[in-house]
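Have a look at the structure below, then the notes.
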Amino acid sequence: MATLEFEGKSYDVDEEGYLSDWQNWNEGLAGHMAKLDGLDLTQAHWDVIRFLRDYFQKYQIAPMIKILVKEIGKSLGPEKGNTKYLYELYPAGPAKQACRYAGLPKPTGCV
Amino acid sequence: MSKTPKPDELSKVDYTPPKTGWMDTPAEFKQGMWCYGSKPKNLETLEFPNPRQWSPADEDWKLPENWQEILLNGLKERLDKYRSFKVFMDICVRCGACADKCHFFIGSGDPKNMPVLRAELLRSVYRGNFTTAGKILGKLAGARKLTYSVLKEWWYYFFQCTECRRCSVFCPYGIDTAEITMMARELLNLLGLNTDWISGPAANCYMKGNHLGLEPHTIVGNLEYMLDDIETITGIKIKPSFNRKGAEILFVTPSGDLFADPGTYTAMGYLMLFHELGLDYTWSTYASEGGNFGFFTSNELAKRLNSKIYAEAKRLGVKWILGGECGHMWRVLNQYMDMWNGPADFLLVPKSPVTGTVFENAKSTKMVHIAEFTADLIKHGKLKLDPKRNDHLKVTFHDSCNTARGMGIFEEPRYIIKNVCNHFYEMDEHTIREKTFCCGSGSGLNAGENMELRMRGGLPRANAVKDVVEKYGVNMLANICAIDRAALPAILDYWVPGTGCTGVHELVANALVMKGEKERTTNLRGEPLNGMEGQE
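First to last, the protein sequences are chains E and B. Here the working numbering is used: the first residue of the first sequence is 436, the next is one more, and so on. Here the working numbering is used: the first residue of the second sequence is 6, the next is one more, and so on.
Here it is as structure tokens:
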């Protein structure tokens with residue numbers, strides 16, 4: 436199994452770098468994953484990551500994009516409640532990139 | 006994973022076969038052409054053999070010592086059990102009629118993607134171990150031993166078949182190569198050799214009722230967001246029921262439509278249509294998956310996962326079952342469900358409460374395809390439709406392999422589309438109906454890491470789309486399958502950028518004039534209607 440080393444600890448990840456156990460996550464790790472991608476996490480990035488973590492705790496799956504967009508719009512203002520804004524923050528796609536930083540697994544099936 | 010080559014590079018397909026004979030050319034695992042191996046936790050959930058951490062790229066696949074014995078015993082058991090399989094192993098005359106009919110061969114040029122040769126990978130081992138000629142004459146009789154290299158070749162190429170059955174249409178003997186792939190995958194699963202894109206959803210489905218692993222409150226939550234959108238667009242507040250005992254109809258659809266775009270718009274279409282009809286129906290958070298990734302694993306698992314549909318229909322006391330837009334789901338429902346988990350004698354022969362039509366074709370399964378249901382509504386003039394709302398669309402229809410070749414649904418979706426859209430154009434006749442080209446991602450191959458394989462497999466379909474884009478300005482590809490809706494957007498973006506992908510019931514709902522609705526200014530995707538409505 437692949438691992439990600441961070442601050443002297445070793446984290447199990449899948450082939451694409453998604454954390455194997457979402458409960459092993461910490462904020463430093465998210466920042467570290469982003470740094471490896473050449474990205475500095477800003478407050479705007481954190482808003483998305485925190486929403487994803489909260490949602491996952493309740494539903495055991497990442498939110499569908501429709502929900503993410505709507506909820507970000509509700510809490511941060513309508514100008515941010517759109518996929519364009521999310522893709523600017525996470526160019527590889529909010530579902531993939533933001534979920535990875537948030538320590539969530541990737542959804543599978545007919546998606 | 007490697008980056009997928011650009012379309013101009015990928016479209017230069019090399020059809021030159023290797024210099025060495027096929028038995029002497031081991032499979033070369035090319036990045037982008039295969040999926041990650043199954044994770045141990047998913048195999049454990051399914052109680053499947055040999056759960057362990059492994060990668061198809063590893064030399065050592067961590068197999069039990071007697072893996073050959075396990076496979077050969079498994080092969081023998083299946084030859085005894087399935088008469089069709091035995092026949093398919095014996096009767097091929099290698100005429101080659103199927104050779105150039107496979108989307109993966111057309112898109113890759115790899116001879117082992119010719120259906121005849123794909124089957125031969127297994128047949129050769131069958132001959133070598135179960136026929137006298139093969140045992141004595143060996144290679145001369147097209148026989149070979151089961152080696153580690155052969156096993157790897159099986160894995161690589163039987164997960165490069167989408168079980169679409171286009172080749173079978175052209176086979177003079179009617180050999181069903183999909184069944185051969187299914188048997189090969191069953192055998193591989195005896196050693197824990199699945200892909201995680203299949204075993205993950207199958208495990209989710211076994212534990213939570215659906216491939217995505219949506220919990221009951223997640224299903225309800227997701228649908229509520231869709232209902233909010235419907236209210237914004239139409240002014241109509243819809244309140245569907247969940248797990249309601251005594252409902253007339255149980256509605257079952259693939260979970261992809263409850264999660265990912267553009268399938269969510271199809272789900273919104275169902276909600277709006279059923280509301281408008283005042284249909285006495287219920288969703289189930291238990292039988293919350295129409296699709297069946299078990300079917301890409303083994304018949305035993307497919308049966309297990311399918312059993313919840315009748316169980317839930319019985320528990321709720323419904324009269325019959327209505328099923329949503331999905332492909333392989335219907336192969337299972339139409340051809341296996343009754344045999345595996347029937348007879349559903351506690352249900353009635355489905356009868357449309359709106360038109361009175363009795364669906365005689367579904368009298369054994371008691372489950373009706375929504376395209377048949379809706380086409381019947383339109384035929385009887387039960388829906389008020391304004392097709393002008395879809396006037397910005399020039400639509401073509403992609404027949405999903407399983408609904409087309411597995412149950413002959415050709416006319417119904419076309420009839421619906423022609424009634425809800427003014428601009429409909431067919432693709433080339435050799436690429437539709439029973440000869441439809443696969444999306445290239447079916448049978449659980451719609452993962453992210455095998456993108457090159459998917460783009461190669463999607464090439465023939467995309468070519469036919471490109472043709473109608475150039476001839477008629479087509480800009481929307483309609484279909485009735487959740488894997489299509491998940492897979493085709495990527496294929497279209499790659500090969501025919503600018504062409505959209507939609508479920509048929511999204512088109513229906515956009516055209517549906519609902520009682521008490523406000524003037525619509527956007528479609529279900531929230532895109533402005535451009536003042537099309539009400540104009541001549």
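Glycine included, every Cβ here is placed at the ideal spot set by N, Cα and C.
CB of residue i within 9 Å of CB of residue j, strictly
i, j, result
"V400 (chain B)", "L482 (chain B)", "yes"
"T167 (chain B)", "G462 (chain B)", "yes"
"C506 (chain B)", "N535 (chain B)", "no"
"L195 (chain B)", "G79 (chain B)", "yes"
"T50 (chain B)", "M212 (chain B)", "yes"
"D97 (chain B)", "C172 (chain B)", "Per the sequence shown, residue 97 (chain B) should be read as Cys rather than Asp. Contact: no."
"T269 (chain B)", "K501 (chain E)", "yes"
"K544 (chain B)", "N55 (chain B)", "There is no way to answer for residue 544 (chain B), as the model of chain B reaches only from 6 to 541."
"F378 (chain B)", "S357 (chain B)", "yes"
"W335 (chain B)", "T408 (chain B)", "yes"
"C40 (chain B)", "P23 (chain B)", "no"
"K368 (chain B)", "V359 (chain B)", "no"
"K493 (chain E)", "H216 (chain B)", "no"
"L538 (chain E)", "R488 (chain E)", "Reading off the sequence shown, one finds Gly at residue 538 (chain E), where the question assumed Leu. Yes, Cβ-Cβ distance for G538 (chain E) and R488 (chain E) is below 9 Å."
"H480 (chain E)", "L524 (chain E)", "yes"
"R320 (chain B)", "K389 (chain B)", "no"
Proximal chain E residues relative to residue i, where beta-carbon distance stays under 9 Å
i, result
"Q58 (chain B)", "M436"
"L219 (chain B)", "Y494, Q495 and I496"
Neighbour list for residue i in chain B, Cβ cutoff strictly below 9 Å
i, result
"M499 (chain E)", "N227, Y230, L263, F264, A265, D266 and T269"
"I502 (chain E)", "G226, N227 and Y230"
Alpha-carbon to alpha-carbon, residue j and residue i
i, j, result
"L476 (chain E)", "V483 (chain E)", "11 Å"
"G261 (chain B)", "A491 (chain B)", "8 Å"
"E305 (chain B)", "G328 (chain B)", "22 Å"
"G332 (chain B)", "I141 (chain B)", "44 Å"
"K8 (chain B)", "S446 (chain B)", "18 Å"
"P540 (chain E)", "Y490 (chain E)", "13 Å"
"G539 (chain B)", "S289 (chain B)", "With a pLDDT of only 46 at G539 (chain B), under the threshold of 50, the placement of this residue in the model should not be trusted; the figure read from the coordinates follows. Going from the Cα of G539 (chain B) to the Cα of S289 (chain B) covers about 38 Å."
"T124 (chain B)", "W159 (chain B)", "It is worth fixing the name first, because residue 124 (chain B) is Ala in this sequence and not Thr. Between A124 (chain B) and W159 (chain B), the C-alpha separation is close to 10 Å."
"L352 (chain B)", "K46 (chain B)", "37 Å"
"L232 (chain B)", "V225 (chain B)", "10 Å"
"K371 (chain B)", "E317 (chain B)", "13 Å"
"I243 (chain B)", "L529 (chain B)", "15 Å"
"I375 (chain B)", "E330 (chain B)", "7 Å"
"P245 (chain B)", "L439 (chain E)", "45 Å"
"Q495 (chain E)", "Y536 (chain E)", "16 Å"
"P498 (chain E)", "E229 (chain B)", "13 Å"
"R525 (chain B)", "L15 (chain B)", "43 Å"
"W345 (chain B)", "G411 (chain B)", "17 Å"
"E541 (chain B)", "I422 (chain B)", "Because the pLDDT at E541 (chain B) is just 38, under 50, the model does not fix this residue reliably, and the value given afterwards should be weighed accordingly. Their backbone Cα atoms lie some 19 Å apart in a straight line."
"R419 (chain B)", "L278 (chain B)", "18 Å"
"P1 (chain B)", "V323 (chain B)", "The requested residue 1 (chain B) does not occur in the structure, where chain B is confined to residues 6 to 541."
"L493 (chain B)", "Y178 (chain B)", "31 Å"
"L126 (chain B)", "M456 (chain B)", "24 Å"
"I203 (chain B)", "L77 (chain B)", "24 Å"
"M537 (chain B)", "H397 (chain B)", "Any reading at M537 (chain B) needs caution, since the residue's pLDDT is 49, under 50, leaving its predicted position unreliable; the model's value is listed next. One C-alpha to the other measures close to 8 Å."
"K106 (chain B)", "W27 (chain B)", "19 Å"
"C210 (chain B)", "A146 (chain B)", "43 Å"
"P12 (chain B)", "R466 (chain B)", "14 Å"
"K440 (chain B)", "G347 (chain B)", "31 Å"
Any non-hydrogen atom of the ligand FAD within 8 Å of residue i CB
i, result
"A409 (chain B)", "Of the ligands one can find in the structure shown there are none, so the ligand FAD has no counterpart to examine."
Proximal chain B residues relative to residue i, where beta-carbon distance stays under 7 Å
i, result
"K505 (chain E)", "Y230"
Contact set between residue i and chain E, taken where Cβ atoms lie within less than 7 Å
i, result
"G205 (chain B)", "T543"
Proximal chain B residues relative to residue i, where beta-carbon distance stays under 8 Å
i, result
"E514 (chain E)", "Residues of chain B passing the Cβ test: none, with the nearest at roughly 16 Å."
"E450 (chain E)", "M6, Y41, S60 and E454"
Chain E residues whose Cβ lies nearer than 8 Å to that of residue i
i, result
"T223 (chain B)", "Y494, Q495 and I496"
* Residue ranges of each alpha helix (DSSP H) run of no fewer than 4 residues wholly in the region 192–238 of chain B, ordered along the chain? -> 201–213
* Contact between the region 511–525 of chain B and the region 228–239 of chain B (3+ Cβ pairs under 8 Å) -> yes
* Taking one C-beta from the region 90–98 of chain B and one from the region 156–164 of chain B each time, how about it: are there three or more such pairs within less than 8 Å? -> Touching, no, given that fewer than three Cβ pairs across the two stretches are closer than 8 Å.
* **Meets three-Cβ-pair contact criterion under 8 Å: the region 250–257 of chain B and the region 279–299 of chain B** => yes
* Asked: Is it true that the region 446–455 of chain B meets the region 486–501 of chain B, where meeting means three or more beta-carbon pairs spaced less than 8 Å apart?
  -> The region 446–455 of chain B vs the region 486–501 of chain B: in contact.
* Are the region 91–111 of chain B and the region 63–78 of chain B touching by the rule of at least three beta carbon pairs closer than 8 Å? -> The answer is no - the region 63–78 of chain B does not touch the region 91–111 of chain B, with fewer than three Cβ pairs under 8 Å.
* Residue ranges of each alpha helix (DSSP H) run of no fewer than 4 residues wholly in the region 496–546 of chain E, ordered along the chain? -> 500–511 and 518–524
* In chain order, each beta strand (DSSP E) run of at least 3 residues that lies wholly inside the region 490–538 of chain B -> 505–508
* Identify every run of the alpha helix (DSSP H) within the region 249–285 of chain B, keeping only runs that are complete inside it and at least 4 residues long; order them along the chain. => With a minimum length of 4 residues, the unbroken runs of alpha helix (DSSP H) contained wholly in the region 249–285 of chain B fall at 268–282.
* **Length-filtered (3 minimum) beta strand (DSSP E) runs lying within the region 382–409 of chain B** => 400–402
* Which runs of the alpha helix (DSSP H) spanning at least 4 residues fall entirely within the region 119–152 of chain B, listed in chain order? -> 120–135 and 137–142
* To do: Would you list, in sequence order, the uninterrupted beta strand (DSSP E) runs of no fewer than 3 residues that lie entirely inside the region 147–191 of chain B?
  => none
* To do: Within the region 428–497 of chain B, note down every full beta strand (DSSP E) run reaching 3 residues or more, in order along the chain.
  => 481–484
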